[in-house]
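>
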Amino acid sequence: MKKFITLLSALMLVSGMLMSQDNKPDFLKKPFENNPDTKIIFGAQTVGTMQFLSHENSNEAGSAGEITPIASGFQNAAGNVFINGTITDGISAYFEVYLSSEHHTEVWMREGYIKIDKLIVLNSPLIDKIMEVVSLKAGQMEINYGDWHLRRSDNGSVQNNPLIGNYIIDGNTTEIAVEVTAALKQFELMGGISGGTTKGDLNEDHGLATYGKIAYNQDLGEKSFLRLAGSLYHVDHSGNSAAYGQGTKNYLFSGNRSGARYKGILNAETDAGQMLVTNGQKITSYQLNSTLVFDRLEVFGTYEWINEGDMDGADSDETLEETWTQIAVDAKYNLTDKLYISGRYNVANEQEYQSIDSDRQVVRIQGGLGFMLTKGLLLKGEYVHQEYKNFGVEDARYGAEFNGPLLEMSFNF
């Protein structure tokens, strides 16, 4: 905790001085919430992807870690549909469903929550004054942990991500939660409490998750913008069994509902190319983010620390730990209003596993470009190279790597 506070304070001191946030990048804007001029907004997002990837590892043919060759081809198409309805001035309801996804080929409800920016119905001058800076959200929602979840590709929603792939450790989840956010000039403060898992839970020893975010937004002049943000998350389900279906588990780092962006890699199914870390028992993590916009250049950075404090939960008297760190840096340069180039460096390091020091590492490098054919219609291309280091013999990731290009077409309306 001291390390988190020290790092966050240092980031805040770097920026210092100015005011508004007119130059925010698109991924930080939420145009569909609480629009008093429109009663109902209906939208859809869909994507089709073709990959030309190859993979290899150092295991011998016939061994437990042998991998199956893969060919080029199309991934399953994916789509999201959302509805935002204004109930009254300052109160709206938001619903989002997956039409098709890696885990749900059927229609599946992803989010459903209410958002309150005003409480005029209470006819209280004091509450009206408080609500000038405070907003509330309650329901099943994508929790506001870190800034990366605002930028990542999520099933059919891919246009906030300048590339095709997400992070190696792709932290995101939906939980039943309540969040309170305060906007104080250029500062944003958010606190939340949730069920700590993806669904309703009545297990005797389940925990509640608490999390928060501090962000600083700053216009730096014409076409320039800076944002610094830090998030903290904690949940303890360790009084439950760690076995799937027998206890309560957290899925912030191990349950990506929309699946991986690369398919068939190293014999993996829904998590190809990803590291699904922690056992969902006793998790503490923090994520630091920085966003810098300077004219046509946009840079986004992430540092993340993740600790599983009790891997076996109630199944064992031992409190074995797992710890990871992750660093990622994105750069995007807009060559024209419609054409951009982008690159990302992402590395995930395991520091301990079952309380034993570990040096396992995964490195991913991505480069690509995007072309907005017309509003809402985006074509992206990417080349990815990923390496796995220090994984054990007969693990499919032993001496493994994959690489190759991908093409993606998406549209939003």
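Taking mature numbering (1 follows the signal peptide of the UniProt record, and there is no 0), I'd label the letters of the sequence shown as residues -20 to -1, 1 to 393.
Cβ coordinates follow ideal geometry from the N, Cα and C atoms, glycine included.
Note that the coordinates shown come from a computational prediction; the quantities given were computed from them, not determined experimentally.
1. Which residues does DSSP list as the beta-bridge partners of H35?
2. Work out the CA separation of K262 and Y224 for me, nearest whole Å.
3. Residues in its own chain within less than 6 angstroms of G361 by CB, not counting five upstream and five downstream?
4. Tell me the DSSP secondary structure of R90 in three-state form.
5. Return the CA-CA distance between N141 and R132, expressed in angstroms with no decimal places.
6. K109 by DSSP, collapsed to three states: which one?
7. Assess, as a yes-or-no matter, whether the stretch 226 to 237 is touched by the stretch 25 to 35 under the definition of 3 or more beta carbon pairs within less than 8 angstroms.
8. Considering only the alpha carbon of each residue, which of E76, F54, I71 and S52 lies closest to N60?
9. Buried or exposed for H35, going by 16 or more other Cβ atoms inside 10 Å?
10. Considering just the uninterrupted stretch of the beta strand (DSSP E) at R241, what are its terminal residues?
11. What residues in its chain sit with their C-beta under 8 angstroms from that of I100, if we drop five residues either side in the sequence?
12. Based on the DSSP output, what are the partners of I21 in its beta bridges?
13. Please work out which residues of its chain come closer than 8 angstroms, Cβ to Cβ, to E301, disregarding the five sequence neighbours upstream and downstream, and give them in chain order.
14. So what's R276 in DSSP terms, helix, strand or just coil?
15. Considering H129, what are the terminal residues of the alpha helix (DSSP H) in which it resides?
16. Could you check where the beta strand (DSSP E) with N329 kicks off and where it finishes?
17. So if DSSP puts F391 in a beta bridge, which residue, or which two residues, is it bridged to?
18. Buried or exposed: where does T316 fall if 16 or more other Cβ atoms within 10 Å of its Cβ makes it buried?
19. Measuring alpha carbon to alpha carbon, tell me which of S270, Y74 and N326 ends up nearest M121.
20. Under three-state DSSP, which class holds F7?
21. Start and end of the beta strand (DSSP E) containing S211?
22. Excluding five sequence neighbours on each side, which residues of the same chain lie with their C-beta closer than 7 angstroms to the C-beta of N329?
23. Can G281 and V327 be called in contact, C-beta distance under 7 angstroms?
24. For the beta strand (DSSP E) that contains A311, what are its first and last residues?
25. How is L256 classed by DSSP in three states: helix, strand or coil?
26. Tell me whether the stretch 75 to 95 and the stretch 110 to 124 touch, counting them as touching only if at least three CB pairs, one residue from each stretch, are closer than 8 angstroms.
27. Write down the C-beta distance between Y283 and L272 rounded to the nearest angstrom, noting that I regard them as a contact closer than 8 angstroms.
28. Under a Cβ-count criterion, where at least 16 other Cβ atoms within 10 Å of its own Cβ denotes burial, should I47 be classed as buried or exposed?
29. I need the straight-line Cα distance from L246 to G126, nearest angstrom please.
30. Could you round the C-beta distance between S204 and N3 to whole angstroms and report it? I think they count as a contact, below 8 angstroms.
31. Answer yes or no: do M255 and I144 have a C-beta to C-beta separation smaller than 7 angstroms?
32. Does the contact criterion of 3 or more C-beta pairs under 8 angstroms hold for the stretch 211 to 219 versus the stretch 187 to 197?
33. Contact defined as beta carbons within less than 8 angstroms: I believe S72 pairs with K95. What is the distance between those atoms, to the nearest angstrom?
34. Around the C-beta of G180, are 16 or more other C-beta atoms found within 10 angstroms, so that it is buried, or is it exposed?
35. Label L130 either buried or exposed according to how many other C-beta atoms from any shown protein chain fall within 10 Å of its C-beta, with 16 as the threshold for buried.
Quick answer:
1. F382
2. 15 angstroms
3. G348, L349 and L387
4. strand
5. 5 angstroms
6. helix
7. no
8. E76
9. buried
10. From DSSP, R241 is part of no beta strand (DSSP E); its letter is neither H nor E.
11. T68, D69, G70 and D108
12. N64
13. N287, E288, G289, D290, M291, E332, Q334 and S335
14. coil
15. W128 to R131
16. L319 to Y333
17. T26 and L357
18. exposed
19. Y74
20. helix
21. S204 to D216
22. W304, T305 and Q341
23. no
24. E302 to N314
25. coil
26. yes
27. Contact flag wrong, Cβ pair sits at about 15 angstroms.
28. buried
29. 29 angstroms
30. 6 angstroms
31. no
32. yes
33. 5 angstroms
34. exposed
35. buried
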